[in-house]
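Going down the list, the sequences are from chains A and B. Note that the numbering used here has the first sequence beginning at 1, numbered continuously upward. Note that the numbering used here has the second sequence beginning at 109, numbered continuously upward. All residues carry an ideal CB built from backbone N, CA and C; glycine is no exception. Remember, predicted model here, so these are calculated numbers, not experimental data. Have a look at the structure below, then the notes.
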Amino acid sequence: MFQQLRSELFPILKSRLAWTAANVIDALFLLGWVAVQYGVNLLIERLPLTHQFDRIIFFIFQILFALTTITAPVLNIYKDIRIMYSQTKSEVELAEHDKKNSPTVKGT
Amino acid sequence: MHQLNMELLPTQCPPGEALRIYLHRTLNFIAILVVAVTPFNFLVLYFRYETFDKAGVVNFFWFLILAYLVLSGVFGYFAWSLRGTEGAIRESIILDKMIDEVKQRHTILQEQHTKISQWLSESMKFMLTVEKRPSGEAELIQSEMAVLKQELEIYTGLADQFLKDYAAFDSLLTALENRIARFNLATGHLHQRVARLRAQLRLLEMSFSKFDETIRLLRERFFLDNVSGSKPSPLGR
Numbered sequence: 001m002f003q004q005l006r007s008e009l010f011p012i013l014k015s016r017l018a019w020t021a022a023n024v025i026d027a028l029f030l031l032g033w034v035a036v037q038y039g040v041n042l043l044i045e046r047l048p049l050t051h052q053f054d055r056i057i058f059f060i061f062q063i064l065f066a067l068t069t070i071t072a073p074v075l076n077i078y079k080d081i082r083i084m085y086s087q088t089k090s091e092v093e094l095a096e097h098d099k100k101n102s103p104t105v106k107g108t
Numbered sequence: 109m110h111q112l113n114m115e116l117l118p119t120q121c122p123p124g125e126a127l128r129i130y131l132h133r134t135l136n137f138i139a140i141l142v143v144a145v146t147p148f149n150f151l152v153l154y155f156r157y158e159t160f161d162k163a164g165v166v167n168f169f170w171f172l173i174l175a176y177l178v179l180s181g182v183f184g185y186f187a188w189s190l191r192g193t194e195g196a197i198r199e200s201i202i203l204d205k206m207i208d209e210v211k212q213r214h215t216i217l218q219e220q221h222t223k224i225s226q227w228l229s230e231s232m233k234f235m236l237t238v239e240k241r242p243s244g245e246a247e248l249i250q251s252e253m254a255v256l257k258q259e260l261e262i263y264t265g266l267a268d269q270f271l272k273d274y275a276a277f278d279s280l281l282t283a284l285e286n287r288i289a290r291f292n293l294a295t296g297h298l299h300q301r302v303a304r305l306r307a308q309l310r311l312l313e314m315s316f317s318k319f320d321e322t323i324r325l326l327r328e329r330f331f332l333d334n335v336s337g338s339k340p341s342p343l344g345r
């Protein structure tokens, strides 16, 4: 009983643990991005910007900088989500296939 | 084999492979940061111009240029080396599939070899008793020899195909080995894979040489009228 439970649960746990680890690492990249934005913001605040025009330039810069630098983490997250989606899809297809081919379903 | 086909998450790959993928991602992220931060440096420089003395600004400017060049060089090197590693891994994966085909052909050849050997041993027994047999069986012997000749022809065709595959695979593997040496790709995973492929190829080569030699001797013994394809094995390296 314990052995069966272990053999069934272990692969699922392993897979979910890998998913969690991948998500945590992706989140760390995002955290790095947030830290960089925070640093940039602090630096801009310390600049002696006297004119409104200067502030607008830095505001535009901040948006462009944020968008440019978030590309890499977002693309990685997208890639990982796609992989998780395809793995889930395969699991569902396998379960459906098993259900179709099970003797009880065939018999009905 | 799974690291490039988008089927597994990096965390589901072997540790070395996962590390490589995350290193690649980190370098990508840092490279984008470095590139994106450069115009920012100039902006900061421009707006802080009044607070710096002129010599300080000029020095800072050159420092930025130098730092940017050095960083670009470092990241460029990493990108180049990672690109080389990825390319080599991709090639080794293709070679992994190719060696399966070479192995399949080798198996078919071995089967043909076994068939010929069995046939020959039976024929030998038959021919040893031929003097005691009625003269009418001479035709039977001839027809059996014709069958053997046919089998040998099939073998020759298969062997030629195998040799072609072998040569193609060997040259690809050599190219990959040279590429690894040129890029100095010190990834243990890749080295192991290529070494394994080379070992497998060497085994196939030894096995082929062994049974091809047997077939050649048999051919010389029974068909001195020069059966087509009776040439020495080009595998003798």
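Check: Which whole-angstrom value is the C-beta distance of residue 144(B) and residue 29(A), which I expect to be below 8 Å?
Finding: Not really, about 15 Å apart at Cβ, beyond 8 Å.
Notebook entry, point to check: How would you call residue 85(A), buried or exposed, if buried means at least 16 neighbouring beta carbons within 10 angstroms?
Noted result: exposed
Note to self: I'd like the span of the alpha helix (DSSP H) that includes residue 97(A), first residue to last.
What the structure shows: Unbroken alpha helix (DSSP H) run through residue 97(A): 52-101.
Checklist line | C-beta atoms of residue 119(B) and residue 18(A) nearer than 8 Å | finding: yes
Check: Which residue's Cα is closest to the Cα of residue 312(B): 260(B), 209(B) and 263(B)?
Finding: 209(B)
Checklist line | residue 118(B): contacting residues in chain A (beta-carbon distance under 7 Å) | finding: 22
Margin query: Let's see if you can read the secondary structure: which residues bound the alpha helix (DSSP H) around residue 37(A)?
Written below: First-last of the alpha helix (DSSP H) with residue 37(A): 2-46.
Item checked: Within-8 Å CB hit, residue 286(B) to chain A -> no
Next item on the list: For residue 92(A), decide whether its Cβ has a neighbour in chain B, counting only Cβ atoms nearer than 8 Å.
Entry: no
Check: If residue 305(B) and residue 203(B) are in contact, beta carbons under 8 Å, what's the gap, nearest whole angstrom?
Finding: 6 Å
Notebook entry, point to check: How should residue 198(B) be labelled, buried or exposed, when 16 other C-beta atoms within 10 angstroms of its C-beta is the threshold for buried?
Noted result: So residue 198(B) counts as exposed.
Next item on the list: Compute the distance between the beta-carbons of residue 141(B) and residue 36(A), then report whether it is under 8 Å.
Entry: Going by C-beta atoms, residue 141(B) is nearer than 8 Å to residue 36(A).
Next item on the list: With 7 Å as the C-beta to C-beta threshold (strictly closer), list the residues of the region 124-139 of chain B near chain A in chain order.
Entry: Correct list: 130, 133, 136 and 137.
Check: If you drop the 5 nearest sequence neighbours on each side, which residues of the same chain put their C-beta closer than 8 Å to that of residue 274(B)?
Finding: Within the same chain, residue 274(B) has close Cβ partners 210, 309, 312, 313, 316 and 343.
Notebook entry, point to check: So, helix, strand or coil for residue 122(B), using DSSP?
Noted result: coil
Notebook entry, point to check: With DSSP run on the structure shown, which of helix, strand or coil describes residue 117(B)?
Noted result: coil
Next item on the list: Report the residue from 74(A), 97(A), 44(A) and 99(A) whose alpha carbon sits nearest the alpha carbon of residue 60(A).
Entry: 44(A)
Item checked: Interface residues of the region 28-41 of chain A facing chain B [CB-CB below 9 Å] -> 29, 32, 33, 36 and 40
Notebook entry, point to check: List, in order along the chain, the chain A residues whose C-beta lies closer than 9 Å to that of residue 325(B)?
Noted result: Under the 9 Å cutoff, chain A gives no residues; its nearest Cβ is about 53 Å from residue 325(B).
Check: By how many angstroms is the C-alpha of residue 130(B) removed from the C-alpha of residue 111(B)?
Finding: Caution applies to residue 111(B), whose pLDDT of 39 falls short of 50 and renders its modelled position unreliable; the model cannot decide the point.
Next item on the list: Measuring only between beta-carbons, confirm whether residue 73(A) sits less than 8 Å from chain B.
Entry: yes
Notebook entry, point to check: Does the distance from the CB of residue 98(A) to the CB of residue 26(A) come in under 8 Å?
Noted result: no
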